[in-house]
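Peer 1:
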Amino acid sequence: MSNELDVRTCPITGKKVFKNAQNLIWINAVTAVVFILIGGIMAFTVAMTRWPAVHLLSADMFYRFLTAHGFNMLIFWIVFFEIAGLYFGSAVLLNSRLAAPRLAWFAYILMLVGAIIVDIMIFTGKATVMFTSYVPLKADPLYYVGVILFAVGALIGCAIFFGTLAVAKAEKTYEGSVPLVTFGLSAAAIIAVWTLACGAIIYIPTFLWSIGLIQNLDAAMYRLIFWGLGHASQQINVTAMVSVWYLLATLTVGAKPVNEKICRSAFVLYILFINLAPEHHLLTDPTLSPWHKMVNTSYMMYLAVLASMIHALAIPMTAEVAQRKKGYTKGMFEWLTKAPWNEPGFPAMIFSLILFGFIGGITGVTYGTEQLSIKSHNTWALTGHYHGTVVGGTTLAFMGLTYYVIPLIFRRNLIGKKWATAQVYIYAIGITLLTIGMGGAGTLGSPRRHWDVTFADAIIPFSFDPTVILFTTIAAIGGLIAVTGGAIYVGVSVLSVFFGRKLAPNEAKLL
Amino acid sequence: MSIMSPEKYWWKPADLQEKIWITIAMLWCLVLTIMMFGWHFFGTQNPSIEPLKITPENYRTVSEAFIAKYKVGEEAGIPIVAPPDGADVYLRAQMWNWTPILKLKKGVNYKFHISSVDLMHGFSLMPIVMNFQIVPGHDNILNMTPTSTGTFHILCNEFCGIGHHTMIGKIIVI
Ligand code: HEM
Ligand SMILES: [Cu+2]
Ligand SMILES: [Cu+2]
């Protein structure tokens, strides 16, 4: 076996890549792809069940698979990928060895075992509780054990990230400040610590309650703290995604941040203000007072929004400046039309930005007001909102990044670059239709987490305006397209990782 | 390069374009911040939640008393209740129905007490699409005045078990 401290120099970036970091990035990223595959199959079945024309699954299976879809996608796929990203952002970008690689393997195993337990519980029908598992809806105690193991593993992963930053600093592996991407990922990791702490505060008592050691858990309190985990983890995703945007801008057009101060300050705004946002999940709950809501929906939220607005300027700006330096200076938009649209990374970054900003962001900011929360709470429009943010935004950015990680870190030639590029377009079109369909149907009242929007078995007869069914159909067709895109992603990345030609040590081939 | 360390002194003033963008964004954020209070005080459409805890058992008792007092009929096994003007109205969420069916009058203000006796449920009033989270142990108090006549339905839009999609209630406004 090769020495864990083996090191190579990247022929493209000149970074030092340590074997121990490389292996851990590999295992976490590959595991993430396995979970997006599971989540994607669930996405297909769930979307086909919501579509009245197909109505694929039985009610029991639908609710089971929906729980599985939420968990495998939102938690397992995203978090495994983020852990890979944290190791990359610390060890690789800082030319450092990874701190405590054995502990990192232990963290990985905890996460994997936790994930497998959770999935077994869900698929055997012992935890049909949705990923929110609102008490007093009770799952098998093992389910909570699985979640806790996974969260502890992820927390150790964050600790290793911080440890690696410290090692790099002590061993002087870089000069001056850390790169912007590492800075952004540090913001994500800081938010993650708070998030996982909320997770511990809520899942441990819930586990004790499920085995009967605690009698009463206040359902409203559960919701409050759960969203400290559930929403704050979305802020990790946002922060990690923005870091990936900067990374993709560099990898695809060689962009350099125009003003480091502004970009970094915006990340600090995320750390400071985003943690109070989760309360917007409670705007229609019977617990928060009007004053509490007004304060929460106002400045706390908007200072985080301001940060996103800053990145929304800074990212296209870095790309534009880089392109203009290359000589694409004709008119307003030559820099954009001459961008590498035929490589997966650039369109992935742009579509991720657009889907996140225009679909996810705008709906998020509007639904986050008290009045529109009343109109949208728990409707399918909400599902549409986060299929814009975390599915169109974060997931697409991560997909785009994968195609660069394969040659850079795994040293394999990408098989099917054309497919990879097409995948980005297909997926983006699919998610656009999916979110439009969900948003439209939801605005007309279509509920989320619902097996039958035709209400065939309802005790009191009710039926929707046919427009709801039309929008549901649009969502289903968009869903099919998106699932196709997702399947190509899994295909291309798995084939490349296992069967791609091994790159020679000094081969500076990116795509 | 965002993957390389920046030059030594990166704390540099922003460009004009950056300043303009950030200023506009910040002003807009400020406007919205103020509007949050404006919509509450001048819009008069926010629910003035009065936080109140009530155990599921106690809630069941009061809502049963309410039904017994004002019951006028039954549909599909669910009581129909016509409360007097201005009464406190109890609407109970349970797996998987909304009890009772309410008969209300247009233009009259009612104080709704909505709670659950088992799991979390989602109150979704159709077709006007107003949604509230119904949490067991807590009374969701809403002052509501029907402004049009007709039949309204209440869907459940929080997952509440295998019968979730069958859970529909009704409010008739005359
Ligand atoms: C590949 C395309 C995808 C399709 C077609 C799809 C479709 C759907 C559908 C139809 C629902 C059910 C909505 C309901 O009945 O309430 C849903 C829920 C959900 N999806 Fe996706 N999805 C996709 C990808 C993703 C990804 C990548 C993520 C996360 C990163 C994600 C996260 C979620 C979550 C968290 C829920 C909510 C589950 C719940 O309500 O408990 N989805 N999705
Ligand atoms: Cu219900
Ligand atoms: Cu329900």
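So the sequence lines, in the order shown, correspond to chains G and C. Just so we're aligned, residue 107 is where the first sequence starts under the numbering used here, counting upward by one. Just so we're aligned, residue 322 is where the second sequence starts under the numbering used here, counting upward by one. We put the CB at the ideal spot given by N, CA and C, even for glycine.
1) Closer than 8 angstroms by beta-carbon distance: list the chain G residues that pair up with K333/C, in chain order.
2) Considering only C-alpha positions, which residue in the set P446/G, K615/G, G592/G, L586/G is nearest to W157/G?
3) Measuring from the CB of A588/G, is there a heavy atom of ligand 1 at a distance below 7 angstroms?
4) Based on Cα-Cα distance, which residue from S599/G, T578/G, I565/G lies nearest to G398/C?
5) For the structure I just gave you, are there three or more beta carbon pairs, one from the segment 590-603 of chain G and one from the segment 136-147 of chain G, closer than 8 angstroms?
6) What is the DSSP secondary structure of T508/G, reduced to helix, strand or coil?
7) Could you tell me which residues DSSP pairs with Q341/G in its beta bridges?
8) Give me the Cβ distance between A205/G and I266/G, rounded to the nearest whole Å; I'm assuming they're in contact under 8 angstroms.
9) Quick one: give me the first and last residue of the alpha helix (DSSP H) that V494/C is part of.
10) Pick helix, strand or coil for M227/G, following the three-state DSSP scheme.
11) At a cut of 8 angstroms, does the segment 339-350 of chain G reach the segment 432-441 of chain G through at least three beta carbon pairs?
12) Alpha carbon to alpha carbon, how far is L476/C from S445/C? Give it in angstroms, no decimals.
13) Using a beta-carbon distance below 8 angstroms, is V348/G in contact with chain C?
14) Residues in the segment 235-262 of chain G with C-beta within 9 angstroms of chain C's C-beta atoms, listed in sequence order?
15) For V166/G, report the span of its alpha helix (DSSP H) as first-last.
16) At a cut-off of 7 angstroms, is V224/G close to ligand 1 when judged by its beta-carbon and the heavy atoms of the ligand?
17) Closer than 8 angstroms, Cβ to any Cβ of chain G: which residues of the segment 463-480 of chain C, in chain order?
18) Taking the straight line between their C-alpha atoms, what separation do you get for A454/G and R413/C?
19) Can you list, in chain order, the residues of its chain whose CB lies under 6 angstroms from that of E479/C, leaving out five sequence neighbours each side?
20) For F473/C, is the classification buried or exposed, using 16 other Cβ atoms within 10 angstroms of its Cβ as the cut-off for buried?
21) Is DSSP giving G195/G helix, strand or coil here?
22) Any heavy atom of ligand 3 inside 7 angstroms of the beta-carbon of E366/G?
23) Label Y193/G either buried or exposed according to how many other C-beta atoms from any shown protein chain fall within 10 Å of its C-beta, with 16 as the threshold for buried.
24) Note down, in chain order, every chain C residue with its Cβ under 9 angstroms from the Cβ of F452/G.
25) Cα separation between P467/C and K424/C?
26) Just to check my reading of the structure: S202/G and V273/G have Cβ atoms closer than 8 angstroms, yes? What is that Cβ distance to the nearest angstrom?
27) For a minimum of 4 consecutive residues, which ranges assigned as the alpha helix (DSSP H) are wholly contained in the segment 328-393 of chain C?
28) M227/G and D246/G: beta carbons closer than 8 angstroms?
29) Can you tell me whether H442/C is helix, strand or coil according to DSSP?
30) For T151/G and T234/G, which I take to be in contact (beta-carbon distance under 8 angstroms), what is that distance rounded to the nearest angstrom?
31) Please compile the residues from chain G whose C-beta is within a distance smaller than 8 angstroms of the C-beta of G394/C.
32) Could you tell me which of G176/G, S196/G, G146/G, T579/G sits nearest to L539/G, measuring between CA atoms?
33) Please classify A414/C: does DSSP put it in a helix, a strand, or coil?
34) Does the beta carbon of L162/G sit closer than 8 angstroms to a beta carbon anywhere in chain B?
35) If you measure beta-carbon to beta-carbon, which residues of the segment 272-294 of chain G are closer than 7 angstroms to chain C?
36) For L488/G, collect the residues of the same chain with a Cβ closer than 8 angstroms to its Cβ; drop the 5 residues on either side in sequence, then sort them by chain order.
Peer 2: The short version:
1) Correct list: N365, E366, K367.
2) For W157/G, the nearest C-alpha among the options comes from L586/G.
3) yes
4) Measuring from the Cα of G398/C, the nearest candidate turns out to be I565/G.
5) Yes: the two stretches touch, three or more of their Cβ pairs being nearer than 8 angstroms.
6) helix
7) In the DSSP output, where bridge partners are listed per residue, Q341/G has none listed.
8) 6 angstroms
9) First-last for V494/C: 489-494, but that is the beta strand (DSSP E), not the alpha helix (DSSP H).
10) helix
11) Result no; under three Cβ-Cβ pairs closer than 8 angstroms.
12) In a straight line, the C-alpha of S445/C is about 5 angstroms away from that of L476/C.
13) no
14) V235, M236, T238, Y240, V241, P242, L243
15) First, the residue type needs correcting, since residue 166/G is Asp and not Val in the sequence shown. Unbroken alpha helix (DSSP H) run through D166/G: 165-176.
16) no
17) H474, L476, C477, N478, E479, F480
18) Looking at the two C-alpha atoms, the distance is approximately 48 angstroms.
19) M441, H442, G443
20) buried
21) helix
22) No, Cβ of E366/G sits at least 7 angstroms from all heavy atoms of ligand 3.
23) Classification of Y193/G: buried, given that the 10 Å Cβ count is 16 or more.
24) The contacting residues do not exist; F452/G stays about 15 angstroms from chain C at best.
25) 11 angstroms
26) S202/G to V273/G, Cβ: 6 angstroms. Contact.
27) Fully enclosed alpha helix (DSSP H) runs of 4 or longer: 337-364, 377-391.
28) The answer is yes: Cβ separation under 8 angstroms.
29) strand
30) Between T234/G and T151/G the Cβ distance is about 14 angstroms, and since that is not below 8 angstroms, they are no contact.
31) Correct list: empty, because the minimum Cβ distance to chain G is about 14 angstroms.
32) Ranking the options by Cα distance to L539/G, first place goes to T579/G.
33) strand
34) This model lacks chain B altogether, as its protein chains are G and C.
35) Cβ contacts with chain C come from Y280, E281, G282, S283, V284, P285, L286, V287.
36) Closer than 8 angstroms at the Cβ level, and outside the excluded window around L488/G, lie Y473, S482, G548, R554.
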